[in-house]
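Numbering (UniProt numbering), first residue to last: 1 to 733. Heads up, the beta-carbon is just placed ideally off N, CA and C, and yes, glycines get one too. These notes are about the structure you will find just below.
Written as structure tokens, this is what we have:
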């Protein structure tokens, strides 16, 4: 049975499976359960339907449902909003609990208008259970707020006073998708209370701070110390760190004799008041070689061993938030069975701090694997995007390459029945790609065929939350692979596996593969039958990873798709692209001025090679053309009139920044002309013809300002021979 796109359609098989899972967990007959099924197969939808049935039947009264986000972004509803709408349709009372910052942004909830007491009351009112069965929707970040264990034994954090964890606590906790990122408490980037600049400006008042300042001074004095490691790039800088056994030993030796109580009372973590240095010290004592704590900084890429950025030198930590007093819990994760290589469920057992079982759902989908196509011509280099965003000698070439790929994505989208595409990339690429799309669509609107509506192309970066349904039915183009900095495997995952670097690297690879699968499933391709012409297409600019052969099946591009993404080299040469775009810009102005495009005018503009016998004729045509340009209706020709090298040196503004010299082409290079003017000609119905009778008659009667001995060789892009002759007469008289 195939899962339907109707979110309210009940699947009896899944409903019975979820009811059984929920009842077993509630009764204590089964431990915390991780429910596994492919993305888009209806896990969340059918879980809510089964949950609504149990609530209405009296098996449950209070349920917490946790998602990645409770805040709507970019006009799309959050996962919490989707769940709230669905549960409301199922006649279940729901309430979305917003964090303090999000609540402060809502109308009427500002601290300045409500006051401190009024705002606190508004915030805490969200946690109160209404009479009767109900569901509270929270973000994953509330896991550590509600159930996080405090560093000080016996002192519960103030959040425990909330009704969600009081006498009327939730009876069931459902976590939708993997909450790992919310359970790892990472210290904030600088400026932080434990950064070098702050510690130096203010005398250290705590034992830990007094230890860190001399250790930071060692880094500044000896940046090439072999104990320090390079762990990645950060734009023009290289990331470095000091962690592991040498750093931990230095900290413990310096703290010898200090009272742990003083550390607990004075050294607090900046973002979480319930966390103290006691947690950090226990990690150092239990795992002396862990890399989850240490110093980090950035240094110039060209001289990392000679100088570093003092402003970035800071103490960093990645610690796992220990959970306690969890109610019966069910976790929905499409790939919850992918993280363990040895003993079963060790990943989630370590994450949640309790025994866990994996429950695969017996789901029948249209086909077991996604169908993807390899399109290397759509690949975008991360370094090229960085150059496109910064002014410099390589910016023009980078913009040119970026616009080339964007044109291919637009062309691919327009060849599909559904002209909607989702582009997957890195987060820092999105502004550059959005700007490139704007340039391409503006250029097409001005010079290309008029379309009923531009294609709908949206962008999404990896690791931006899972389970989204906003892109259902869209084609997916992955222009980059998912990428996590080396720091993620070296430091962040040390919160989970402090003493096993090999396990951390393996887990980082699995996280990357799972993220790719989650992102590709945004189109919900499996909801379509095999061979359905309306099924979304998935294009990868990189070869499918070897570890995902059972999840991804490679299919060839259709002829239309292959044409739209280009052939040959991934990127045409910069020189060729510059010439083509300059040619297209010039032809657009010429067609407005002369109602056609004479090859003679292109020679005069410097875009085509001029034969020796045509030199005087081209000079005359150039003077006549310059005299006809009297208004600002022709932006490129007007610039050429002021600067005759405008087209030869490239377009420095308007369409794109092209800073390299153009190479003139031979006048008989018809293939290049056709490629450069295809869009313009298709719109205006031009063809490449020789001048007709009126032009020859003008030659015989001496009406031209220059002698034309071979008029038949002067070709023109026009609608017919008569018009071609009239255009040449206008140009030469």
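Going along the chain, which residues of its own chain have a beta-carbon closer than 6 Å to the beta-carbon of residue i, five neighbours each way excluded?
{"i": "residue 254", "result": "211"}
{"i": "residue 224", "result": "305"}
{"i": "residue 354", "result": "32"}
{"i": "residue 557", "result": "373"}
{"i": "residue 308", "result": "223, 297, 299"}
{"i": "residue 248", "result": "284, 288"}
{"i": "residue 516", "result": "482"}
{"i": "residue 134", "result": "93"}
{"i": "residue 563", "result": "none"}
{"i": "residue 95", "result": "136"}
Should residue i be labelled buried (16 or more other beta-carbon atoms within 10 Å of its own) or exposed?
{"i": "residue 70", "result": "buried"}
{"i": "residue 416", "result": "buried"}
{"i": "residue 43", "result": "buried"}
{"i": "residue 330", "result": "buried"}
{"i": "residue 450", "result": "Because the pLDDT of residue 450 is 48, which lies under 50, any placement of that residue in the model is unreliable, and the question is left without a value."}
{"i": "residue 733", "result": "exposed"}
{"i": "residue 568", "result": "Low confidence applies to residue 568: its pLDDT is 40, below 50, so where it sits in the model is not reliable, and the reading given next is rough at best. Classification of residue 568: exposed, given that the 10 Å Cβ count is below 16."}
{"i": "residue 512", "result": "buried"}
{"i": "residue 177", "result": "buried"}
{"i": "residue 551", "result": "buried"}
{"i": "residue 292", "result": "buried"}
{"i": "residue 136", "result": "buried"}
{"i": "residue 274", "result": "A caution first: residue 274 carries a pLDDT of 44, below 50, which makes its placement in the model unreliable, though a value can still be read off. Buried."}
{"i": "residue 725", "result": "buried"}
{"i": "residue 101", "result": "exposed"}
{"i": "residue 428", "result": "exposed"}
{"i": "residue 703", "result": "exposed"}
{"i": "residue 403", "result": "buried"}
{"i": "residue 91", "result": "exposed"}
{"i": "residue 336", "result": "buried"}
{"i": "residue 431", "result": "exposed"}
{"i": "residue 28", "result": "exposed"}
{"i": "residue 460", "result": "buried"}
Considering only residues of the same chain and omitting the five flanking positions on each side of residue i, which have a CB-CB separation below 8 Å?
{"i": "residue 147", "result": "165, 323, 324, 325, 326"}
{"i": "residue 175", "result": "66, 140, 143, 329, 330, 331, 332"}
{"i": "residue 534", "result": "417, 418, 528"}
{"i": "residue 421", "result": "409, 412, 413, 455, 456, 457, 458, 474, 475, 476, 477"}
{"i": "residue 316", "result": "186, 187, 241, 293, 294, 295, 296, 491"}
{"i": "residue 77", "result": "85, 470"}
Would you list the one or two residues that DSSP bridges to residue i?
{"i": "residue 298", "result": "239"}
{"i": "residue 422", "result": "458, 476"}
{"i": "residue 135", "result": "63, 94"}
{"i": "residue 688", "result": "717"}
{"i": "residue 32", "result": "356"}
{"i": "residue 536", "result": "Its beta-bridge partners do not exist; DSSP assigns none."}
{"i": "residue 598", "result": "716"}
{"i": "residue 330", "result": "33, 174"}
{"i": "residue 315", "result": "295"}
{"i": "residue 42", "result": "Answer by DSSP bridge pairing: none, since residue 42 is not bridged."}
{"i": "residue 372", "result": "554"}
{"i": "residue 49", "result": "DSSP lists no partner for residue 49."}
{"i": "residue 323", "result": "148"}
{"i": "residue 185", "result": "319"}
{"i": "residue 232", "result": "239"}
Which same chain residues, not among the five before or five after residue i, have their C-beta less than 7 Å away from its C-beta?
{"i": "residue 640", "result": "605, 646, 647"}
{"i": "residue 487", "result": "231, 232, 239"}
{"i": "residue 320", "result": "183, 184, 495, 496"}
{"i": "residue 350", "result": "496"}
{"i": "residue 258", "result": "207"}
{"i": "residue 691", "result": "711, 714, 716, 721, 724, 725, 728"}
{"i": "residue 590", "result": "597, 601"}
Report yes or no: do the stretch 230–240 and the stretch 299–314 share at least 3 C-beta pairs separated by less than 8 Å? yes
For a minimum of 3 consecutive residues, which ranges assigned as the beta strand (DSSP E) are wholly contained in the stretch 56–84? Runs of the beta strand (DSSP E) inside the stretch 56–84: 62–67.
So does the stretch 495–505 actually touch the stretch 437–445, counting three or more Cβ pairs closer than 8 Å? Look at the beta carbons and you see the stretch 495–505 not touching the stretch 437–445: under three pairs across the two are nearer than 8 Å.
Counting beta carbon pairs with one atom in the stretch 707–718 and one in the stretch 681–698, are three or more of them shorter than 8 Å? yes
Counting pairs of beta carbons, one from the stretch 616–635 and one from the stretch 725–732, are three or more of them closer than 8 Å? Touching, per the Cβ criterion.
May I ask you to verify whether the stretch 471–485 touches the stretch 406–425, counting CB pairs closer than 8 Å and requiring at least 3? yes
On the three-pair Cβ rule with 8 Å, is the stretch 42–60 touching the stretch 533–552? Contact fails: fewer than three Cβ-Cβ distances are below 8 Å.
Would you list, in sequence order, the uninterrupted alpha helix (DSSP H) runs of no fewer than 4 residues that lie entirely inside the stretch 382–416? If only complete runs of 4 or more residues are kept, the stretch 382–416 shows the alpha helix (DSSP H) at 382–389, 395–414, in order along the chain.
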